[in-house]
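Q: Going by the numbering used here, the sequence shown opens with residue 223, and the numbers climb by one from there.
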Amino acid sequence: ISAGVDATFGSFYAGGWASNVDFGDDTDAEVDVYGGWRSELSGWTVDLGGVAYLYTGQPDSADYDYVELKAAASRAVGPATLGVAAYWSPDFFGASEDEATYVEANAAFTPADRWTVSAAVGRQWVSSDLDYTTWNAGVAFALTDHLALDVRYHDTDQHDFGDAYGARAVASLKATF
């Protein structure tokens, strides 16, 4: 189960998100706190921000908490939106002083009123060679002006890294106020 809340102040935004987790130890939740600046520049939406990923109950020997910086840009092209994003962490999840970089290309298309089809492909590089490729594809339907259902398939090319890297289908319900 997960939940989040976002607030915008002109071009600035801040928010938080939390979810239960099961790492096979005492860690019981992930709490993300984020903020940034998002604005339109010459037809592009530019987003610069940062995220702190915090894990409650982690063992003393774990190094799960980390921060990540983000730079993203997207542009509407007819009924589609095309985007790219890059994320960088100086001390990645569970890795003592390992740098990590994630780069993603994404696209969304609105074929009909209330429907959006979207997909993304990305590559994660970690300085300790825990590199992998991710992808997802899904469809969202706006049930109302403030409630949307999203069904999405996620996968990676590294199933041998463990269950967290395996294929999965995820359904989510998003409410906006």
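Backbone N, C-alpha and C fix where the C-beta goes; we use that ideal spot for every residue, glycine too. Just so you know, these numbers come straight off a predicted model, no measurement behind them.
(1) If you measure between the beta carbons of Ser350 and Asp320, is that distance less than 8 Å?
(2) Within 10 angstroms of its Cβ, does Phe231 collect 16 or more other Cβ (buried), or is it exposed?
(3) If we count the other Cβ atoms within 10 Å of its Cβ and call it buried at 16 or more, is Phe314 buried or exposed?
(4) Can you list, in chain order, the residues of its chain whose CB lies under 7 Å from that of Gly316, leaving out five sequence neighbours each side?
(5) For Leu371 and chain C, any beta-carbon pair shorter than 8 Å?
(6) With a threshold of 16 other CB atoms inside 10 Å of the CB of Glu262, please say whether the residue is buried or exposed.
(7) Helix, strand or coil for Tyr324, going by three-state DSSP, please let me know.
(8) Helix, strand or coil: how does DSSP classify Asp367 here?
(9) Nearest to Asp335 by alpha carbon, out of Asp228, Thr366 and Gly226?
(10) Using the beta-carbon count (16 or more within 10 Å), is Ser224 buried or exposed?
(11) DSSP three-state label for Gly238, please.
(12) By Cβ distance below 8 Å, which residues in the same chain neighbour Gly257 in space, the five residues on each side in sequence not counted?
(13) Which of the three DSSP states is assigned to Ala389 in this structure?
(14) Note down, in chain order, each residue of its chain lying with its Cβ closer than 6 Å to the Cβ of Trp239, except the 5 sequence neighbours on either side.
(15) Following the continuous beta strand (DSSP E) through Arg297, name the residue where it begins and the one where it ends.
A: Straight from the coordinates:
(1) Yes; because the gap between Cβ atoms is below 8 Å, this pair is in contact.
(2) Sixteen is the threshold: since fewer than 16 other Cβ atoms of the shown chains lie within 10 Å of the Cβ of Phe231, the residue is exposed.
(3) With 16 or more neighbouring CB atoms inside 10 Å of its own CB, Phe314 falls in the buried class.
(4) So the qualifying residues of the chain are Ala284, Asp285 and Tyr286.
(5) This model lacks chain C altogether; it includes just one protein chain.
(6) Per the 10 Å Cβ criterion, exposed.
(7) Strand at Tyr324.
(8) Looking at Asp367 - three-state DSSP - the assignment turns out to be coil, as it is neither helix nor strand.
(9) Selection Asp228, Thr366 and Gly226 evaluated against Asp335 yields Thr366 as nearest (Cα-Cα).
(10) Looking at its Cβ environment, which holds fewer than 16 other Cβ atoms inside 10 Å, Ser224 is exposed.
(11) Here Gly238 sits in strand by DSSP.
(12) Only Phe234, Tyr235, Ala236, Gly237, Gly271 and Gly272 meet the Cβ criterion.
(13) Looking at Ala389 - three-state DSSP - the assignment turns out to be coil, as it is neither helix nor strand.
(14) Taken in chain order, the residues that qualify are Gly226 and Asp254.
(15) For Arg297, the enclosing beta strand (DSSP E) begins and ends at Tyr288 to Val299.
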